[in-house]
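Encoded as structure tokens, the structure appears first; notes follow it.
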Ligand SMILES: Nc1ncnc2c1ncn2[C@@H]1O[C@H](COP(=O)(O)OP(=O)(O)O)[C@@H](O)[C@H]1O
Ligand SMILES: [Mg+2]
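In the numbering used here, the protein residues as written are 1 to 282.
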């Protein structure tokens, strides 16, 4: 199957700074590719290339198997590649349904009488969120009253509604506690079940491992290797990411995450199971 999106030996320099060099990865429909790496590893540079915000200056970027050079995020969106940034671009005081549409609201009537179809906008918002497993009591409630995880999911549901085939998520779980991170991980699994390709950027192997099919490790702009889920465990992923002396420090940071992370993994793995068994059918 042709991947929805693929990069081969991609690179990007900013003057004399090599932000990204010779990185390869791909994402296919119904799979999750996780990009892991510490600060400065090149994660944001990679997704900015994928989302059309930066132009690569080395290697190849292919969409549906054809090489592209994207000139803007609009071009990426038109090809079905949607990016949800950490800051989310939402207006906290505006209702959920307004944030869901942000200027693309459905309208009714003709000519000068043409106006927003608010009832329909609310209904679509409620339904799309429900499809992603989020039960919004009232689409009229300000987005600022939602939890961090729920806000991320509104952004994800919005991208799905507007036709995303590839969903790029830039560190959607980093600012969240274990429980809220679980909320977002569940939507990642849903998006995957709906057949989207997901690129999930994180520096937490405990978030990546339960939902990922492939794991790309970046360090100082270079790929440290890409692994399938069966080829690597969460401990090895953590070790590779940290490397040597930094491992102890990371170990301290992740300690105390322990039980909660394990429960999260069990839960999300259970959630993902039906899809895996479907995959095995001819
Ligand atoms: N616009 C830019 N101009 C100059 N250097 C940049 C720019 N964007 C990123 N870099 C550099 O590229 C490297 C990778 O950064 P980035 O992709 O933001 O890493 P990450 O998201 O993994 O933390 C860093 O050394 C960073 O300083
Ligand atoms: Mg970054």
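Where is the CB? At the ideal position from N, CA and C, for every residue including glycine.
Within the present structure, is the beta-carbon of residue i separated from the nearest heavy atom of ligand 2 by less than 7 Å?
i: residue 44; result: yes
Given this structure, state the Cα-to-Cα distance separating residue i from residue j, to the nearest angstrom.
i: residue 108; j: residue 114; result: 6 Å
i: residue 227; j: residue 93; result: 42 Å
i: residue 143; j: residue 204; result: 26 Å
i: residue 28; j: residue 171; result: 20 Å
i: residue 122; j: residue 137; result: 11 Å
i: residue 284; j: residue 45; result: For the chain, the structure presents residues 1 to 282; residue 284 sits outside this window and is missing.
i: residue 276; j: residue 240; result: Here residue 276 scores only 43 on pLDDT, less than 50, and its place in the model should not be relied on; the value that follows carries that caveat. Approximately 27 Å between the Cα atoms of the pair.
i: residue 98; j: residue 105; result: 8 Å
i: residue 206; j: residue 110; result: 52 Å
i: residue 245; j: residue 91; result: Bear in mind that a pLDDT of 45 at residue 245, under 50, signals an unreliable position, so the number given afterwards is only what the model happens to contain. Cα to Cα, residue 245 sits roughly 42 Å from residue 91.
i: residue 279; j: residue 189; result: The predicted model places residue 279 with a pLDDT of 46, which falls under 50 and marks its position as unreliable; any figure quoted below should be read in that light. Whole-angstrom Cα-Cα distance: 15 Å.
i: residue 117; j: residue 126; result: 14 Å
i: residue 26; j: residue 236; result: 21 Å
i: residue 229; j: residue 161; result: 29 Å
May I ask whether a heavy atom of ligand 1 can be found less than 7 Å away from the beta carbon of residue i?
i: residue 39; result: yes
i: residue 200; result: no
i: residue 19; result: yes
i: residue 14; result: yes
i: residue 59; result: no
Quick one: what does DSSP say residue i is sitting in, helix, strand or coil?
i: residue 100; result: helix
i: residue 140; result: coil
i: residue 76; result: helix
i: residue 19; result: strand
i: residue 123; result: helix
i: residue 47; result: helix
i: residue 242; result: helix
i: residue 60; result: strand
i: residue 4; result: coil
i: residue 199; result: strand
i: residue 25; result: strand
i: residue 145; result: helix
According to DSSP, residue i sits in a beta bridge with which residue or residues?
i: residue 223; result: 218
i: residue 294; result: Residue 294 falls outside the range modelled here, since the chain spans only 1 to 282, and no answer is possible.
i: residue 91; result: Looking at the DSSP assignment, residue 91 forms no beta bridge with any residue, so it has no partner.
How do the segment 208-218 and the segment 33-49 stand: do at least 3 beta-carbon pairs fall below 8 Å, yes or no? As far as the Cβ criterion goes, the segment 208-218 touches the segment 33-49, which means the pair count is three or higher.
Inter-stretch contact at 8 Å, needing at least 3 Cβ pairs: the segment 4-12 / the segment 45-64: yes
Three or more C-beta pairs below 8 Å linking the segment 144-158 and the segment 173-185: yes
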